[in-house]
Amino acid sequence: MHPKDFVLETYRQRYGKEPTYLAIAPGRVNLLGEHVDYNDGFVLPAAIDRATYVAFSGAEPGSDHSTILAADFGEVTSFTESSIETKIDANGAPLCEWARYPAGVAWALKGAGLAIQPMQAVFASDIPRGAGLSSSSSVEMAFAVAWSALGGWSIPPMELALLAQRAENKYVGVNCGIMDQFASACGVADRLLLLDCRSLEWQTLPIPENIAIVIADTSVRRKLTSSEYNARRQACEEAVTILKKDLPGIRALRDVSVADFNRFCHKLPKMVEKRARHVVEEVERSLRAIQLLQQGEIQAFGQIMNECHVSLRDLYEVSIPELNAMVEIAQSLPGCLGARLTGAGFGGCTVNLVEKPKVQAFAAELAARFSIKTNLKPEIYICRVSDGAQVIPTSLH
Ligand code: ADP
Ligand code: MG
Numbered sequence: 049m050h051p052k053d054f055v056l057e058t059y060r061q062r063y064g065k066e067p068t069y070l071a072i073a074p075g076r077v078n079l080l081g082e083h084v085d086y087n088d089g090f091v092l093p094a095a096i097d098r099a100t101y102v103a104f105s106g107a108e109p110g111s112d113h114s115t116i117l118a119a120d121f122g123e124v125t126s127f128t129e130s131s132i133e134t135k136i137d138a139n140g141a142p143l144c145e146w147a148r149y150p151a152g153v154a155w156a157l158k159g160a161g162l163a164i165q166p167m168q169a170v171f172a173s174d175i176p177r178g179a180g181l182s183s184s185s186s187v188e189m190a191f192a193v194a195w196s197a198l199g200g201w202s203i204p205p206m207e208l209a210l211l212a213q214r215a216e217n218k219y220v221g222v223n224c225g226i227m228d229q230f231a232s233a234c235g236v237a238d239r240l241l242l243l244d245c246r247s248l249e250w251q252t253l254p255i256p257e258n259i260a261i262v263i264a265d266t267s268v269r270r271k272l273t274s275s276e277y278n279a280r281r282q283a284c285e286e287a288v289t290i291l292k293k294d295l296p297g298i299r300a301l302r303d304v305s306v307a308d309f310n311r312f313c314h315k316l317p318k319m320v321e322k323r324a325r326h327v328v329e330e331v332e333r334s335l336r337a338i339q340l341l342q343q344g345e346i347q348a349f350g351q352i353m354n355e356c357h358v359s360l361r362d363l364y365e366v367s368i369p370e371l372n373a374m375v376e377i378a379q380s381l382p383g384c385l386g387a388r389l390t391g392a393g394f395g396g397c398t399v400n401l402v403e404k405p406k407v408q409a410f411a412a413e414l415a416a417r418f419s420i421k422t423n424l425k426p427e428i429y430i431c432r433v434s435d436g437a438q439v440i441p442t443s444l445h
């Protein structure tokens, strides 16, 4: 069942009535600018047509409990504005892992002085978890817009995204950058998003008419990777500290040109140099890619995606054999302009740019060849680029 029908149906069964609202917040796929959001770089994501859906209404009059059912897990949590301060539920037990996402959003909104009305909610998603499509920020953004609708207040989507990021950083404890929440909040149908992760200025860019974005899920899920992620963030910070001695003007790796990096990189420990080189070159690649896209040079844009994969594989070292296999097969197929792993890596998905007339054959062939090579069952899907998070009164369905 589609998650939208699933949450509506589950809500009706549980509460014996229609929910007042339905919130929808998409996942995202990043085309270029990987592992640069926390280095103040540029990213090029798009919101996708897989999303988290929340069917919800205000809590019963007099109740100060928010009751939230995670329909995909068949688990329920209940918390109050005061219980979430100490990460416990209304019964005094620690909030389970998934409950920290909606509770964290409530906590961050409240911290910003925004009113939180207790809600009864059922949510579900068709974004695979831990697959590089950012299921977590879609859950956060879905609840962020839900509480905005219930509270009757509204703030710009980027500000809502920043509060959701704060929830993930400070409440859930995952040190993510702003890209994921931004894309889920600010997505525009049929357009790529270009975000400057330093100034937070953003704009949209066209996707050529004849091009499809294809997501290929290896079905491998990343595990225990927060230590790897943190180690890479640390390497980037260390590189800035060392390079600052010769380049006093820099604040982040985004400020280092490839030429300057090549002059001073011998001062970095070998591993730090590799990590930092990926970031410095990726920032340069993304600037080139933006120009190409604006000129409609999609072939050359695809080439840059291919270069990005090599860099993530060999310098940033966040790929795995299954992602490499998916990329190599894709690049060998007719109509494929570019392919690379997307998201943090260590499992999950690749993103592919494919000529529309060849996309069905591409998807079928990619799945077949990947299965033969790895014995895994991949999921290939042709993605529609979607709008950002929103709330729809259910009377409009
Ligand atoms: P991703 O890369 O998909 O964002 P994360 O590890 O950051 O992966 O977030 C995944 C976590 O988000 C899950 O472990 C769960 O706690 C929460 N989550 C995501 N989707 C759902 C869902 N449909 N129902 C409940 N929790 C979810
Ligand atoms: Mg996440």
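Using the working numbering, you'd call the opening residue of the sequence shown number 49 and step up by one each time.
Cβ coordinates follow ideal geometry from the N, Cα and C atoms, glycine included.
- Approximately 6 Å separates the beta-carbon atoms of Ser267 and Pro426; this is inside 8 Å, confirming the contact.
- Here the distance from the Cβ of Ser185 to the nearest heavy atom of the ligand MG is below 7 Å.
- Across the set Ala141, Leu162 and Gly140, the C-alpha of Leu162 shows the shortest separation from the C-alpha of Glu207.
- Relative to the ligand MG, the beta carbon of Cys224 is positioned inside 7 Å of a heavy atom.
- Judged by DSSP secondary structure, Arg417 falls within the alpha helix (DSSP H) whose first and last residues are Val407 to Thr422.
- For Cys234, the uninterrupted alpha helix (DSSP H) segment begins and ends at Met227 to Cys234.
- At the C-beta level, Lys421 and Ala378 stay beyond 8 Å of one another.
- For Phe230, the shortest C-beta to heavy atom distance toward the ligand ADP is 7 Å or greater.
- Three or more Cβ pairs drawn from the segment 206-221 and the segment 150-162 lie within less than 8 Å of each other, which places the two stretches in contact.
- For Ala409, the number of other beta carbons within 10 angstroms of its own is below 16, and it is reported as exposed.
- Going by C-alpha positions, Ile226 is about 37 Å away from Gly110.
- Checking the DSSP bridge columns, you'll see Thr100 partnered with Ala73 and Ser173.
- Counting C-beta pairs closer than 8 Å gives three or more between the segment 382-401 and the segment 78-86, which meets the contact rule.
- For the ligand ADP, no non-hydrogen atom lies closer than 7 Å to the CB of Asp85.
- In the three-state reduction of the DSSP assignment, Gln438 falls in the strand class, which pools E and B.
- Boundaries for Ile346: no beta strand (DSSP E) harbours it, while the alpha helix (DSSP H) harbouring it runs Ile346 to Asp362, taken from the DSSP string.
- For Ser182, the distance from the CB to the nearest heavy atom of the ligand MG is below 7 Å.
- In this structure, Ser111 has its CB at a distance of at least 7 Å from all heavy atoms of the ligand ADP.
- DSSP, read as helix, strand or coil, puts Val433 in strand.
- Among the bridge pairs identified by DSSP, Cys397 is matched with Asp265.
- For Cys384, the enclosing beta strand (DSSP E) stretches over residues Cys384 to Leu389.
- Look at Ala163 here: in three-state DSSP terms it is coil, with no helix or strand label.
- Beta-bridge pairing by DSSP links Ser182 to no other residue.
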